[in-house]
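Peer 1: Read in order, the letters of the sequence shown are residues -19 to -1, 1 to 180 in mature numbering (1 follows the signal peptide of the UniProt record, and there is no 0).
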Amino acid sequence: MHMLSIRTFPLIAILSVVAMGGCTSVQVDPLVSAPHLMCIKHNPKVMVSDFVPVLQQGFSRHGIDTRLYEGAIPRAECSYLVTYSARRSWDFMPYLSQADIQILGPDRRKLASAEYHLRAKGGFSMMKWQGTETKMRPVIDQLLAGVEVAPKSPVVEAETPASNTSLSYEERLSMLEQEQLPYEEYMRRFKALNQEFGR
């Protein structure tokens, strides 16, 4: 009877390792390029409270800002849209068992996607109780690993004519040079300044 116990424990350990290694399924169709800002469509059916924060942190990690919208999505401001779903399962306590992320382009066609799934809801694996961030971080990283993010457009403050009317041409030109604008924007403002002063 004692020898049977000695042989049983290694067998249980082997089965546990197999269960842990084969219980997770991840499928990713990665994103190639993206703007620096994407909008996330809120899904009220998702009960995983930290899923959206983890999603936003993941996009931020790859240089992409996000905005969360609960109502109508302004297409003019949201050329790329992120949708998601996530499900919980229970085994003494709730845990994330399935998640899906889709990225839609300007025409709202799917450009990229990622899916996380615990086979048989995780079975006997202790890994099923890992947190949302631990499970989704590698999935999001695969989704965005090779993405080329467009640079942010420079914020150009509109000139207030009333505040500049008393300044000379040289003073206005000096202010313009100090703004360190991109070449195209600098030339546009420079030509406008010359026209204003009749040069």
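Just so it is clear, CB atoms sit at the ideal spot from N, CA and C, and this is done for glycine as well.
Measuring alpha carbon to alpha carbon, tell me which residue in S60, R42, Q37 and Q111 is nearest S70.
Peer 2: Of the listed residues, the one whose Cα sits closest to S70 is Q111.
Peer 1: In whole angstroms, what is the alpha-carbon distance linking M117 and V27?
Peer 2: 15 Å
Peer 1: Compare the beta carbon distance of C4 and R100 with 8 Å and say whether it is the shorter of the two.
Peer 2: yes
Peer 1: Please determine if the region 52 to 65 and the region 7 to 27 are in contact, where contact requires at least 3 C-beta pairs separated by less than 8 Å.
Peer 2: Segments in contact, yes.
Peer 1: Residue 191: buried (16+ other C-beta within 10 angstroms of its C-beta) or exposed?
Peer 2: Residue 191 lies beyond the residue range present for the chain, which begins at -19 and ends at 180; the question has no answer from this structure.
Peer 1: Rounded to whole angstroms, how far is the Cβ of S94 from the Cβ of D10, which I believe are closer than 8 Å?
Peer 2: 5 Å
Peer 1: Could you have a look at Y167 and say whether DSSP puts it in helix, strand or coil?
Peer 2: helix
Peer 1: Leaving out five residues on either side along the sequence, give the residues of the same chain with a beta carbon under 6 Å from the beta carbon of R170.
Peer 2: L157
Peer 1: For L12, report the span of its beta strand (DSSP E) as first-last.
Peer 2: Taken as a continuous stretch (DSSP letters only), L12 belongs to no beta strand (DSSP E), as it is neither H nor E.
Peer 1: Could you tell me the distance, in whole angstroms, from the CA atom of I45 to the CA atom of E177?
Peer 2: 39 Å
Peer 1: Is the distance from the Cβ of V7 to the Cβ of E96 below 8 Å?
Peer 2: yes
Peer 1: On the three-state DSSP scale, how would you describe V33?
Peer 2: Collapsing the DSSP output to three states places V33 in a helix.
Peer 1: Per DSSP, C20 forms a beta bridge with which residues?
Peer 2: R48 and L62
Peer 1: Which of helix, strand or coil does DSSP assign to A126?
Peer 2: coil
Peer 1: What span of residues does the beta strand (DSSP E) with Q162 cover, start to end?
Peer 2: The amino acid occupying residue 162 in the given sequence is Leu; Gln does not appear at that position. Unbroken run through L162: none, as it is neither H nor E.
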